[in-house]
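Letter by letter, the sequence shown follows residues 291 to 770 of this note's numbering. Built from N, CA and C at the ideal position, the CB exists for glycine as well.
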Amino acid sequence: MSFRSDFYWGGATAANQLEGGWQEGGKGVSCPDVCTGGSATKSKRITPVLEEGTFYPSHDAIDHYHRYKEDIALFAEMGFKMYRFSIAWTRIFPQGDESEPNEAGLKFYEDLIDECLKYNIEPLITISHYEVPFHLTQKWNSWTDRRMIDCFLNFCRAIFTRYKGKVKYWLTFNEINSATTAMGAFLGQGILNEIKTMDFMDQVDVPNNRFQGLHHQFLASALAVKMAHEIDPNYQVGCMQIMATSYGLTCHPADQVKNQQQTHLRNWFCSDVQCRGKYPNYIKRYFKENNITVKMEPGDDEILAAGPVDFYTCSYYMSACQTADPAKQKAGQGNILGGVPNPYLKASDWGWQIDPEGLRYSLNEIWDRYQLPIFVVENGLGAYDKIDEDGKIRDDYRVDYLRQHIEQMHEAVLDGVDLRGYTPWGCIDLVSASTGEMAKRYGFIFVERYDDGTGDFSRRRKESFYWYKKVIETNGEDLG
Ligand code: BG6
291 MSFRSDFYWG
301 GATAANQLEG
311 GWQEGGKGVS
321 CPDVCTGGSA
331 TKSKRITPVL
341 EEGTFYPSHD
351 AIDHYHRYKE
361 DIALFAEMGF
371 KMYRFSIAWT
381 RIFPQGDESE
391 PNEAGLKFYE
401 DLIDECLKYN
411 IEPLITISHY
421 EVPFHLTQKW
431 NSWTDRRMID
441 CFLNFCRAIF
451 TRYKGKVKYW
461 LTFNEINSAT
471 TAMGAFLGQG
481 ILNEIKTMDF
491 MDQVDVPNNR
501 FQGLHHQFLA
511 SALAVKMAHE
521 IDPNYQVGCM
531 QIMATSYGLT
541 CHPADQVKNQ
551 QQTHLRNWFC
561 SDVQCRGKYP
571 NYIKRYFKEN
581 NITVKMEPGD
591 DEILAAGPVD
601 FYTCSYYMSA
611 CQTADPAKQK
621 AGQGNILGGV
631 PNPYLKASDW
641 GWQIDPEGLR
651 YSLNEIWDRY
661 QLPIFVVENG
671 LGAYDKIDED
681 GKIRDDYRVD
691 YLRQHIEQMH
701 EAVLDGVDLR
711 GYTPWGCIDL
721 VSASTGEMAK
731 RYGFIFVERY
741 DDGTGDFSRR
751 RKESFYWYKK
761 VIETNGEDLG
């Protein structure tokens, strides 16, 4: 057995990380537009009032807004069957709460979709990828307010209607479960508990707001699934989770229980609601012990039950370990998602521990739990790339990373997992979501754009470009 003959090989991006053109075509300000650049060692900042002379990476990003035809042609040259991208909410509803959509924004994505279809590339659209209109953050503190649901559904209606017949696959919220961590509040939900300048890694966290926000997002997701099916019965709507794989640090039962609790909270809570249409029991205990009170209205249970997703998707980059021993817990963070380091694994330059087998392990867990088609819609290695004197970018470290993960996806397929597609992250270099850098590159395509704002945006094929082209051509047989 190998990958399905209709397996979707492709790549993934997000609007705010590559488009630029932040004020063109009537676009409004979105949350990432008020974030400065940062680095591996220095947090980016959130500045509700834009500072004169400060560099804001999303404003021009990699100028895909003007170069999408060139980029999609390069994706087609690699043989992409699927392209995952997101729609900037603020291009369609600049403030988020208007009643009528912005035609220029709708037209931009229509042209982009047509460009994909020209090459037989299936679009996979993330409706909300780490991007909320900043106006809604200022007005209601974003998803903490139930009125966000209607704004989101207006957005969904506008795009579901306009792109009917051209698009089949949709994802509601990117990495919705990031909001189970403090970092996900502004990043994923647009929640900012104090409207003032602060470090992105040091936000004022109000856990109750995040979980209340998630409840509203669950309702919005369920209602969007229902709406999509009503508008076009061919539409397939999926959830999108960070798969934060973790293991007990030792075989001590207390470590295993700790790991199970963390896995419930981080990996399963959101997908249980979105795939099964109801809250799992374990979260009730977590809410109680952590003083979380989520306001729900009569009828919410029915809404959730009526809108389970059609398929499951996740990102997968790394894993970590969990320990019940407070001393070991203090000794060092495992990666950006917490936990403690795994002594058997190496880490990327950003401390993300590389674990290809964890992907096989997790895909089996997901399949056993939901029996829904699965797509891995993000995976990849953020690394410092350099252009050699002959103009080549020899990113063999990236090829190694991707090869090992594809091998493990193949093992999962042999295990019986229903895996439908693979869209590695940042198929073209773009702005990092966590640090705001360009230096953290993931692409098969290098972009001449640097963290001081220099660079002419020109594109260049890396060695991994040719490698991935061969992988796709051979449907994953030749990982050379
Ligand atoms: C995922 C996000 O968390 O990881 C992307 O969905 C993000 O938006 C990607 O870019 C890689 O993370 P980073 O911080 O290296 O850009």
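{"Query": "Three or more C-beta pairs below 8 Å linking the segment 552 to 568 and the segment 581 to 599", "Result": "yes"}
{"Query": "Own chain partners of W642 with C-beta closer than 6 Å, once the 5 adjacent residues on each side are dropped", "Result": "Y607, M608 and N625"}
{"Query": "Below-8 Å beta-carbon distance, D678 vs any chain D residue", "Result": "Going by chain labels, chain D is absent from the structure shown, which holds only one protein chain."}
{"Query": "Beta-carbon proximity check, G263 vs G315, cutoff 8 Å", "Result": "This structure cannot speak to residue 263, because the chain is shown only from 291 to 770."}
{"Query": "Continuous beta strand (DSSP E) stretch holding W460: start and end", "Result": "Y459 to F463"}
{"Query": "Any non-hydrogen atom of the ligand BG6 within 7 Å of Q307 CB", "Result": "yes"}
{"Query": "Complete runs of the alpha helix (DSSP H) confined to the segment 459 to 540 [at least 4 residues]", "Result": "474 to 479 and 497 to 521"}
{"Query": "Nearest to N467 (by Cα), restricted to the options G770, T603 and G300", "Result": "T603"}
{"Query": "Residue range of the unbroken beta strand (DSSP E) whose run includes F736", "Result": "I735 to V737"}
{"Query": "Burial state of K585 (16 or more Cβ within 10 Å)", "Result": "exposed"}
{"Query": "Where T416 sits in the DSSP three-state scheme", "Result": "strand"}
{"Query": "A351 CB to nearest heavy atom of the ligand BG6 below 7 Å", "Result": "no"}
{"Query": "Beta bridge counterpart(s) of A610 as assigned by DSSP", "Result": "S536"}
{"Query": "Nearest-angstrom Cα separation, counted from R659 out to Q526", "Result": "20 Å"}
{"Query": "DSSP state of M438 mapped onto helix, strand, coil", "Result": "helix"}
{"Query": "Own chain residues within Cβ distance below 6 Å of H554, not counting five before or after", "Result": "Y572"}
{"Query": "Distance cut-off 7 Å: I377 Cβ against heavy atoms of the ligand BG6", "Result": "no"}
{"Query": "Proximity test, N557 beta-carbon vs the ligand BG6 heavy atom, cut-off 7 Å", "Result": "no"}
{"Query": "Pick from F577, C560, L509 and A621 that is closest to E592, judged by C-alpha positions", "Result": "L509"}
{"Query": "Neighbourhood of W312 by C-beta distance below 7 Å, restricted to the same chain and skipping five residues each side", "Result": "D323, S348 and H349"}
{"Query": "E465 CB to nearest heavy atom of the ligand BG6 below 7 Å", "Result": "yes"}
{"Query": "Any non-hydrogen atom of the ligand BG6 within 7 Å of K730 CB", "Result": "yes"}
{"Query": "Cα-Cα separation between A304 and S638, rounded to whole angstroms", "Result": "22 Å"}
{"Query": "M372 vs T713 beta-carbon contact at 8 Å", "Result": "yes"}
{"Query": "Burial state of R731, where buried means 16 or more other Cβ atoms lie within 10 Å", "Result": "buried"}
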